[in-house]
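Asker:
Residue numbers (the numbering used here): 1061 to 1195.
1) With a 10 Å radius around its C-beta and 16 neighbouring C-beta atoms as the bar for buried, classify residue 1172 as buried or exposed.
2) Hey, is the segment 1176-1195 in contact with the segment 1159-1167, meaning 3+ C-beta pairs nearer than 8 Å?
3) Between residue 1085 and residue 1157, what straight-line distance do the alpha-carbon atoms span, to the nearest angstrom?
4) Please classify residue 1189 as buried or exposed, where buried requires at least 16 other C-beta atoms within 10 Å of its C-beta.
5) Between residue 1112 and residue 1148, what straight-line distance do the alpha-carbon atoms span, to the nearest angstrom?
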């Protein structure tokens, strides 16, 4: 099954945007979630966890500080992958001047539904082009 990004809604927050290409709700038979996350320069998301899913991040472009569990923050950049075990707290903060582009998976899928309760959540229909304003 081919998934056209133009046919997928976009989720935005104050810190960036997400396009979920595969989710159990949107793709019949899907057991995982797969999407692209964009974190704007100087922005990041609050420390959080996914109680029922592991997460994998793959950095397509940009650079950031990553925290996983109670360990020290560490730098990530294009080509790096990060594994976040089920239930472990984590956060990502873009430290560069350009957008941070991540490929993200949740296994099992469904953890993306929790983002609907996150501050600044907004769902844009497929084809809508979201814009950001500087604070």
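Each residue gets a CB set at the ideal place from its N, CA and C atoms; glycine is no exception.
Answerer: Reading off the structure:
1) By one-based count along the chain shown, residue 1172 stands at place 112. Flag for residue 1172 reads buried.
2) In short, these stretches do not touch, since the Cβ pair count stays below three.
3) Stepping through the chain shown from its first residue, residue 1085 is reached at position 25. Stepping through the chain shown from its first residue, residue 1157 is reached at position 97. Distance between the alpha carbons of residue 1085 and residue 1157: 35 Å.
4) Counting from one through the chain shown, the residue named residue 1189 turns up at place 129. When all chains shown are included, residue 1189 counts as exposed.
5) Mapped onto the chain shown, residue 1112 falls at position 52. Mapped onto the chain shown, residue 1148 falls at position 88. Between residue 1112 and residue 1148, the C-alpha separation is close to 10 Å.
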